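Scroll down for the structure; my scribbles are underneath it.
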Amino acid sequence: MRQIEFTAPGIPHEVVACAEVPDPSAPGLNEILVRVRAFPINPADLLTLRGIYPRPNEDTRALGNEAVGEVAATGDGVKDLVVGDRVMLLSLNNWRELRRVKRQEVIKLSSRGDIIRQCGIKVNPATAHLLLTGFVTLKAGDWIIQDAANSGVGRLVIQFARIAGIRTVNVVRRLELANELKTLGGDVVVPDGGDLRQRVAAATNGAALALGFDCVGGAAAGRLASCLGNGGTLVVYGAMSGEQIAVDPALIVFGDLCVRGLWLTRYLTAMPAHQVVSLYEFLDKTMIAGDLVSGIDSVFRAEDIKSAVDRASQPGLDGKVVVRFD
């Protein structure tokens, strides 16, 4: 079978490779064999290739956060899945043509969905939904603020917020994105900059912002935090700049700012199994219903993984780079 792997960290498209490795053995008790059909390349995967993101299992060359495929075989004890069922892999190291996993390590998905879009359901939609629901209780009419609003997660935050009646301030580097983000449901789109707090206050008529999402880090995180009201919560879920967050201590001491982190892998591990299943069933149904728009930049074959990773490393993409095992 084919496996996407790397032996040492470095420049992502230079260190990644598509290799032939032995097939896994037949599934055992309460196990299934999954034939992987497609997977997206996420920023976390690129950071893993660079050696920045932690690897839960250092004993394997494989990598990959997300993948969707079909059940190829079932072991004894598996009663609720049959060959041909479409499933999403919850485990890591998924960029392999065949994966032998425990039954509880997959979520059944609808076969009616577009598999190219479904293969990205695990990370971005779940992250966006948990950002809005997992930290502060929000109600219709409340305001939140986020940076990197044009990112995959940022666009999904806008759409989930629109569905819930939550209003969004969306910070971007390029203001020409404003109309596109407003079409998705964004209420306010502002460029980042030194006077961000004043411009956000003017655009929201001084509304109290209780929640902010940062995935940039550095000074941008500090500017975002300054826009939050007393007792506000800043959730950090990434660091695209590669810089440590720079938040004014006065916001924490005198403004009672709370800074939290969201690492999806840890969050899902801590969730009861039935809640994880419910989350992804909800996300799958929402996507199939057409309530969420997620862009696809390009689709590559597994053999072209170097080109795919190089493409995914480029700035300004308007959608996911997806790789198929054909």
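Residue numbers 322 to 647, in the working numbering, belong to the letters of the sequence shown in order. Here a beta-carbon is modelled for each residue, glycine too, at the ideal position from N, C-alpha and C. Since we're looking at a predicted model, the values are computed, not measured.
Original post:
At which residues does the beta strand (DSSP E) containing V557 begin and terminate?
Top reply: 554–557
Original post:
Quick one: any contact between the region 381–397 and the region 355–362, if contact means 3 or more CB pairs under 8 Å?
Top reply: yes
Subject >> Touch test, the region 617–636 against the region 505–513, Cβ-Cβ under 8 Å, three pairs minimum >> reply: no
**OP:** Inspect the CB distances between the region 604–612 and the region 571–589 and report whether three or more fall short of 8 Å.
**Re:** no
**OP:** State buried or exposed for I479, treating a residue as buried only when at least 16 other CB atoms are found within 10 Å of its CB.
**Re:** buried
Subject >> Span of the beta strand (DSSP E), counted from its first residue to its last, around F621 >> reply: 617–622
**OP:** Apply the 10 Å Cβ neighbour rule to S547 and answer buried if 16 or more other Cβ atoms are within range, or exposed otherwise.
**Re:** buried
**OP:** Any chance you could list the beta strand (DSSP E) runs of at least 3 consecutive residues sitting entirely within the region 367–449, in chain order?
**Re:** 389–395, 407–410, 419–423, 427–429
Original post:
Quick one, which of L530, P512, T381 has its alpha-carbon nearest V462's?
Top reply: Checking the sequence shown, residue 462 turns out to be Gly, not Val. Considering only alpha carbons, the answer is L530.
Original post:
What did DSSP end up calling A540 once you bin it into helix, strand or coil?
Top reply: helix
Original post:
Can you give the Cα-Cα distance for P512 and A469, rounded to whole angstroms?
Top reply: 10 Å
Original post:
According to the neighbour-count rule (16 or more other Cβ atoms, all chains shown, within 10 Å of its Cβ), is T381 buried or exposed?
Top reply: exposed
**OP:** Give every residue of the same chain whose Cβ lies closer than 7 Å to the Cβ of S432, excluding the five residues on either side of it in the sequence, and list them in chain order.
**Re:** R407
**OP:** Name, in chain order, the residues that DSSP records as bridge partners for W464.
**Re:** R488
**OP:** Find out if the Cβ-Cβ distance for the pair A365, V444 is shorter than 9 Å.
**Re:** yes
Original post:
Based on Cα-Cα distance, which residue from G533, A340, V399, A329 lies nearest to T369?
Top reply: A329
**OP:** My understanding is that I325 touches I437, with C-beta atoms under 8 Å, so please give their C-beta distance in whole angstroms.
**Re:** Actually they do not touch by this definition, with Cβ atoms about 17 Å apart.
**OP:** Select from W584, T554, Y374 the residue whose C-alpha is nearest the C-alpha of G533.
**Re:** T554
**OP:** List the residues that DSSP assigns as beta-bridge partners of V336.
**Re:** BP columns for V336 are empty, so no partner.
Subject >> Range covered by the beta strand (DSSP E) that runs through V580 >> reply: 579–582
Original post:
Quick one: Cα of V521 to Cα of G527, how far?
Top reply: 8 Å
Original post:
Under 9 Å, do C339 and E602 count as touching if we go by C-beta distance?
Top reply: no
Subject >> Classification of S472 by the beta-carbon crowding that lies within 10 angstroms, buried from 16 upward >> reply: buried
**OP:** Give the range of the beta strand (DSSP E) segment to which A359 is assigned.
**Re:** 352–362
**OP:** Could you say which of W416, P348, I428, V568 lies nearest to D397 if we only look at CA atoms?
**Re:** P348
**OP:** Can you grab the Cα-Cα spacing for the pair A388 / N351, in whole Å?
**Re:** 20 Å
Original post:
Any idea what DSSP makes of F534, helix, strand or coil?
Top reply: strand
**OP:** Return the residue from the list V556, L496, G637, R417 that minimises the CA-CA distance to P343.
**Re:** R417
Subject >> Under 9 Å between C-beta atoms of V656 and A449 >> reply: Only positions 322 to 647 of the chain appear in the structure, and residue 656 is not among them; the question remains open.
Original post:
Looking at C-alpha atoms only, which residue of G331, P361, R421 is the closest neighbour of P345?
Top reply: R421
Original post:
Is DSSP giving R645 helix, strand or coil here?
Top reply: strand
**OP:** Sort R622, E497, G640 by Cα distance to F646 and report the nearest one.
**Re:** R622
Original post:
P446: buried (16+ other C-beta within 10 angstroms of its C-beta) or exposed?
Top reply: buried
Original post:
Exposed or buried, which one is P333 when buried takes at least 16 other CB atoms within 10 Å?
Top reply: buried
Original post:
With DSSP run on the structure shown, which of helix, strand or coil describes V509?
Top reply: strand
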